[in-house]
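Chemist:
In this note's numbering, the protein residues as written are 11 to 48.
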């Protein structure tokens, strides 16, 4: 496992907040285990 890098926290948070509709839909499906094999 890679060590924690606190410099990546803000950019990753911004990416999560600014998701496109397609990304939001995909992650919702993944979280609910509605994709085959995932």
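C-beta atoms are modelled at their ideal positions from N, C-alpha and C, and glycine is treated no differently.
It should be emphasised that the depicted structure is a prediction, and the values quoted were computed from it without experimental measurement.
1. Just the C-alpha distance for residue 38 and residue 46, rounded to the nearest angstrom, thanks.
2. In terms of residue numbering, what span does the alpha helix (DSSP H) encompassing residue 21 cover?
3. Quick one: what does DSSP say residue 41 is sitting in, helix, strand or coil?
4. Give me, in chain order, the residues of the same chain whose beta-carbon lies closer than 7 Å to that of residue 20; leave out the 5 immediate sequence neighbours on both sides.
Modeler: A quick look at the data gives this:
1. One C-alpha to the other measures close to 14 Å.
2. Where residue 21 is concerned, the enclosing alpha helix (DSSP H) stretches over 19-27.
3. Note: residue 41 maps to helix in three-state DSSP.
4. Correct list: empty, nothing qualifies.
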